[in-house]
RNA sequence: AGCGGGAUGGGAUAGCCAGGAGAUUCCGCCGGGCUCAUAACCCGGAGACCGGACGUUCAAAUCGUCCUCCCGCUACCA
């Protein structure tokens, strides 16, 4: 339906805005790296493209967190904004423009959107009930209310009975509403709010979704909504922090964070209104910086719909799949309502897991962007790992072990090795590129790789962008092995020169092809080839043009990640999780103390949120054991040394039960032992296993029947 | 609950949209080769009844129906 890339029209690639409310981790970075790689790839194809994003500065969570931190929301959010701006280049994510939603460009652009909707009669007012903290005179958006579910009686959030019956709750339904911010009881007030009549766009969206390109999930997921009945979107909030609703004349500038509310007339736009408009604003800022001759934002975004005027360019949104509906329902309707061009494609990626489990920022179970930067590993290694780790729409696993494996095998073994052996051979024997013609076979192979590259771009597969150069290197290794130029240099020097000429051409092609995913490394390689411009300016066709005749000593482009380094990074992560878990439990119990809960229940730790797989459980070798002897350990307050018969062998186990049990009477007691725990030394005494006991009093687990020592427990 | 996605050799993955010789790549395993190259590279081999059951078809991992298990989304929560 759409013309293939590259097209004559300018394009924009955007990334979902990071919400300026917390640090970035390597999960967030998947979107930005993918968007960056995709924009670079378009650029390689010769597409006129801008890559833009910005920080999302508004919304309740920022307002609340800023208040808690005792600062105004603007400086709170700006701090994160500045942090993000510094973080992205660390991962070679280079936006042409990176703005934020609170700047003047966006405020103005947002209000012009809203005015267009009003002019087009797409906005109406409706009275709705909103939860209110009467004591602090503060509105409570739904997540900030808790109470009792009217259907099942379970504790529930204001918008959803999340722990009980899963039912969606309308405002006003929840019983005994309480503010989660202050703990004050909440009341409901009737307030007038503005709504965007999405139903006006129902028919349009039905057509739009059929021509939308990108990943399948972006086209499929919103169908339920679009083909059903669209609810109108409430576009205002009772807040101070945000972009003022442009209804009143006095509200033409973004509100300063510290200012207090004039009256209860305060209405700002819902963050999801001004957030995506930042895509437009950021593009505009780019044009303002480089000039409309270089990049014309209006040619991309404005849809004049006439034959003489441009009809808009190629808009590609790269997002996480949690915000598909916003980009395929709300956003196209917003654009349409304001007379703007529609997105050509939405690329929605899966989440990033950490060692197979979800990130948990509250448990600090995360690899933060800073952690990666501090690891000293090159950003391109992360980029490659995350881009090629799975299909874009699928979840991808990040782990230091996985990173090491991919880097050592694919980037070092296959890619780096081919580049280095080729250039080294060429430099040693010919001081650079040998004087010979490129063979037809190699030329065809490079052309095929270029085709793969083009196809990947047009199919929105960033993963393919990562694979293509490595596959070409794999071919290169086979090629050089097959021709064994090291055997030819003496007897058939001309033949040897031909083979190496082929290899150098392959190297150059690889440099061009790897630029999107491995931009830093590609540039280094480009310089090694003796090129005097930047690979970032080279187009795809450069893969077939002749490399410079002479170049210097090559250097290995990638180096192995050593086991020690991975072990250190893993240890660092584990220690932090443990520390956070300890802290988390303390915090939980503090909370319990403050609330009027049943004492007996309040003393118990909550059930762990994170489920372990059956596979993980099976890794534990738990056995019945019989205590043969138990004696205190000198100098230790709590520790005792036990000899335990676990059937196959006798184990020495150290346990913290000295004061809690009559050690002498323990002999003959059946206990339960984790047999395959790693060995440890406590107070200088070897401990090989761990006995299981309940609670602070170390109530020993035993068997109900008479299972023999050594019996496996499952 | 509805909708969307997933289930492929020991692990991780591709193929499925546009059905066709018992299936890709990486790791691991077994055997061989090479020595230009970062203990890297190359070649060969073992190993999967493609979650289960029906069905369509000359032909199904690929299409349809049902089932099981996982995951995501479900709007005033960024």
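In my numbering, the protein residues as written are 1120 to 1833. Glycine included, each C-beta is placed from N, C-alpha and C at the ideal position. Note that this is a predicted model, so its numbers are computed, not measured.
| Check | Outcome |
| --- | --- |
| Quick one: residues in its chain with C-beta nearer than 6 Å to the C-beta of residue 1525, no 5 flanking neighbours on either side, listed in chain order? | 1504 |
| Exposed or buried, what is residue 1745 when buried is set at 16 or more other beta-carbons lying within 10 Å of its beta-carbon? | buried |
| In the region 1160 to 1192, which residue ranges form an unbroken alpha helix (DSSP H) of at least 4 residues, counting only runs that do not cross its ends? | 1179 to 1188 |
| What ranges does the alpha helix (DSSP H) occupy inside the region 1593 to 1664, keeping only unbroken runs of at least 4 residues that lie completely in it? | 1604 to 1610, 1612 to 1633, 1638 to 1647 |
| Can you tell me whether residue 1519 is buried or exposed, with buried defined as 16 or more other CB within 10 angstroms of its CB? | buried |
| Put residue 1485 into one of helix, strand or coil per three-state DSSP. | coil |
| Residues in its own chain within less than 7 Å of residue 1585 by CB, not counting five upstream and five downstream? | 1503, 1506, 1507, 1636 |
| So what does DSSP say about residue 1686, is it helix, strand or coil? | helix |
| How about residue 1640 and residue 1607: do their beta carbons lie closer than 8 Å? | no |
| In or out: residue 1750 buried (at least 16 other Cβ within 10 Å) or exposed? | exposed |
| Could you tell me how far apart the beta carbons of residue 1158 and residue 1170 are, in whole angstroms, since I believe they sit closer than 8 Å? | 4 Å |
| Kindly indicate the opening and closing residues of the beta strand (DSSP E) around residue 1317. | Segment: none, residue 1317 is in no beta strand (DSSP E) and carries neither H nor E. |
| Return the chain-ordered list of same chain residues with a C-beta closer than 6 Å to the C-beta of residue 1309, the five sequence neighbours on each side being excluded. | 1246, 1248 |
| Are there 16 or more other CB atoms within 10 angstroms of the CB of residue 1667, so buried, or fewer, so exposed? | exposed |
| Touching or not, the region 1454 to 1461 and the region 1594 to 1604, by the rule of three or more beta carbon pairs under 8 Å? | no |
| Determine the DSSP secondary structure at residue 1447, reduced to helix, strand or coil. | helix |
| Inspect the beta-carbon positions of residue 1621 and residue 1664 and report whether they are closer than 8 Å. | no |
| Within 10 Å of its beta-carbon, does residue 1563 have 16 or more other beta-carbons around it, so buried, or fewer, so exposed? | exposed |
| Please give the ranges of any beta strand (DSSP E) in the region 1457 to 1535, keeping only runs that are unbroken, at least 3 residues long and fully inside the region. | 1464 to 1468, 1471 to 1473, 1515 to 1517 |
| Check whether the region 1330 to 1339 and the region 1462 to 1477 touch, using three or more Cβ-Cβ pairs below 8 Å as the test. | yes |
| What separation, rounded to the nearest whole angstrom, lies between the Cα atoms of residue 1418 and residue 1430? | 7 Å |
| Would DSSP call residue 1139 helix, strand or coil? | coil |
| Have a look at residue 1364 and residue 1240 and give me their C-alpha separation to the nearest angstrom. | 16 Å |
| Considering only their Cβ atoms, is the gap separating residue 1478 from residue 1141 smaller than 8 Å? | no |
| In whole angstroms, what is the alpha-carbon distance linking residue 1255 and residue 1177? | 21 Å |
| How about the region 1194 to 1205 and the region 1396 to 1415: do they share at least three Cβ pairs that are nearer than 8 Å? | no |
| How many Å lie between residue 1353 and residue 1175 at the Cα? | 19 Å |
| Return yes when the Cβ of residue 1486 is within less than 8 Å of the Cβ of residue 1496, no when it is not. | no |
| Can you give the Cα-Cα distance for residue 1551 and residue 1671, rounded to whole angstroms? | 7 Å |
| Indicate the three-state DSSP secondary structure (helix, strand or coil) for residue 1833 in the structure shown. | coil |
| Using only the alpha-carbon positions, how far apart do residue 1243 and residue 1387 sit? | 15 Å |
| State buried or exposed for residue 1390, treating a residue as buried only when at least 16 other CB atoms are found within 10 Å of its CB. | buried |
| Candidates 1156, 1257, 1763, 1237: which alpha carbon is nearest residue 1317's? | 1237 |
| If we ignore side chains and look at the alpha-carbon of each, how far apart do residue 1761 and residue 1697 end up? | 27 Å |
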